[in-house]
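Let me begin by presenting the structure, written as structure tokens, before commenting on it.
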């Protein structure tokens, strides 16, 4: 795996930088080189070229963020006569006095192998370096006309400008009528018009096109021929692979006879796998990229076609519906259309979730359908267990019958004398949440995809991140002396927030009531799996029955033999991720959200002062004012690093988020979430949010649960 050092300016690079800062010239970046030399850091200062340059590539893209400029170049192996280890990376620039110089260099102690063009498969590798700049206007970059673009760069270009959609300056898109290789860049921010702009047949690079209050500039993209597409009058070598728009998605061409392709488009009327196609003096064979699932892996004991490491790389390759090749991003996401009130159709899968089938409860047959989600880590590694008071897993439970251990022997799931609790193990998940003018986005990953992904639910008080946390399988039973998570118990009632916390922490170090970041993670996973913002319709109503007293509460363990997910489309318990009554039965007192006289404060982790109860010390101001609402329904959210927090509650029980909301902005209030047996059916759900009760509130309908981190 590559391990590039930070970029270091050479002596001539520093001299050029001084000229730029003095205003004598702009920093004109020209090209990138890769080499196999092994210079020391001390030798870098006097270098004017790489020690052993192997590849010179054009600059493909440049991005400015704050005072940072990221320059990217892509090396294509088909252009290489010999393979090499990429140990040195040089960025070149024009000096007004010296000509082209080696401006900056980076070294790699664990270099990647760049194969030669003689290999059967042409690949590309992108190399980027970020440099600090004081003013983007002082930089000019020579974007090479033959520079390549990679999948991410193309994704920044491809996409049709939506109607009545907000765009910021610098965003790119396309519209019908543009010639091939052209796209639009927003130069004046605004909102697009109701109708698409009319594109002249004589449109040219640099033209300005008004579109509502947006102004677009027409841009001609870099040449894509070397990215892998067949082009006319081009010399190709035997073994070269190319793609063509005349072939179905996932099909490609393999050159079997070297030559020069014909002028014009390739003419294939009815492509057949294995057929050979004459193209000028070159000959192509038509191939298809099939699944790699059945490729045998070589081990010490058995023969195979590739190593397990290479197989894993192949498994990460995906082909989209247009036939373009990319890699799995390890991101599964959903975007929610703010303008669409239908909870089922407003959600759309993005990234690796695209094309997956949603999960949901089959209420008629009493079976949960996992869709395409059962094998993802956060589902298959979510396990029911008996967790000792010291935080160690005593044993795992039979996932379909909690009265049994995993080995079939009797469990302690209902034993009040057991030194521990029944808990759901929640594996590590990284989350990113944000929004734009049209959509809210929630994306998860099994790794920290970049620094904008957080694992708040798994972050301990000392800032370390746990591989898993534990969430009570049942509503809290017991009292202020000790809150428990056991089957067959009556849920605790009429406790204040302080009493509930005391009962939770009485279990030992690491125990607490549920936190907002933990609830939000589970809520996000439910919305992602079900592809709907009506969680009751997907998973079940929960015990929301308009009960007038505690007699309407259900004992814990109602669903102890119903598997990982289960629910009913009537007033009964619901279970998600082995967690019973995630909504319904009792409101869940939740640490991490405080409404202090109308201002919403959030604390996503227990770091610092933990979760204070009667003031917001250590919490962050979300910038939100709690919207007015009393027995209202949420129809607008603020989606940010703090999760999904209501900002308007004028909806209904069947539109937008479908869940209930209350607020009292005249005092300090502590969040309760999820709804109770006291509430009407439509109130309940994963989004239900109440900030109108002070921490001293002690109603029968407000319970709590346990967490261990």
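Numbering (the numbering used here), first residue to last: -1 to 707. Ideal Cβ positions, reconstructed from N, Cα and C, are used throughout, including at glycine. None of the values given here were measured: they were computed from a predicted structure.
Where residue 635 is concerned, the enclosing beta strand (DSSP E) starts and stops at 634 to 638. The residues 48, 49, 50, 85, 86, in chain order, have a CB closer than 7 Å to that of residue 35 in the same chain once the five nearest residues on each side in sequence are set aside. Secondary structure at residue 34: coil, using DSSP grouped into helix, strand and coil.
Straight-line spacing of the CA atoms in residue 104 and residue 22 works out to 26 Å. Assigned with DSSP and collapsed to three states, residue 49 falls in coil, not helix or strand. Sorting 467, 393, 26 by C-alpha distance to the C-alpha of residue 425 places 467 at the top.
Judged by DSSP in its simplified three-state form, residue 475 adopts strand.
Less than 7 Å divides the Cβ of residue 387 from the Cβ of residue 417.
Residue environment: residue 518 is assigned as buried (16 or more neighbouring CB atoms within 10 Å of its CB, all protein chains considered).
Uninterrupted beta strand (DSSP E) stretches at least 3 residues long and entirely within the segment 641 to 704 occur at 641 to 646, 658 to 661, 666 to 671, 687 to 689, given in chain order.
Taken atom to atom, the span from the alpha-carbon of residue 587 to that of residue 495 is near 7 Å.
For residue 330, there is no enclosing alpha helix (DSSP H); the enclosing beta strand (DSSP E) covers residues 330 to 335. Per DSSP, reduced to three states, the secondary structure at residue 630 is strand. Residue 361 and residue 217 have their C-alpha atoms spaced approximately 53 Å apart.
Note on geometry: alpha-carbon atoms of residue 677 and residue 609 lie some 28 Å from one another.
Boundaries cannot be given for residue 387, as no beta strand (DSSP E) includes it and DSSP labels it neither H nor E. The C-beta of residue 228 has 16 or more other C-beta atoms within 10 Å across all chains shown, which makes the residue buried. By alpha-carbon distance to residue 580, the top candidate from 635, 626, 670 is 670. Classified as exposed, residue 20 has fewer than 16 neighbouring CB atoms from the shown chains inside 10 Å of its CB. When only Cα atoms are considered, residue 210 and residue 186 end up about 11 Å apart. The segment 540 to 553 makes no contact with the segment 364 to 379; the number of CB pairs closer than 8 Å stays below 3. The C-alpha of residue 11 lies about 13 Å from the C-alpha of residue 24. When the alpha-carbon of residue 189 is set against those of 273, 167, 681, the nearest one is in 167. The distance from the Cβ of residue 234 to that of residue 256 is about 6 Å, consistent with a contact at the 8 Å cut-off. Minimum Cα-Cα distance from residue 589 among the listed residues 516, 420, 207 corresponds to 516. Cβ contact annotation for residue 230 (same chain, cutoff 6 Å, sequence separation greater than five): 259, 261, 262, in chain order. With 16 or more other Cβ atoms inside 10 Å of its own Cβ, residue 573 counts as buried.
The residue from 645, 632, 634 with its alpha-carbon nearest to that of residue 620 is 645. Counting C-beta atoms within 10 angstroms of its own C-beta, residue 240 has 16 or more neighbours from the protein chains shown and is therefore classed as buried. Assigned with DSSP and collapsed to three states, residue 215 falls in strand. In the DSSP assignment, residue 533 falls within the alpha helix (DSSP H) that extends over 533 to 537. According to DSSP, residue pairing for residue 102 in a beta bridge involves 7, 89. Residue 584 and residue 486 have their C-alpha atoms spaced approximately 16 Å apart.
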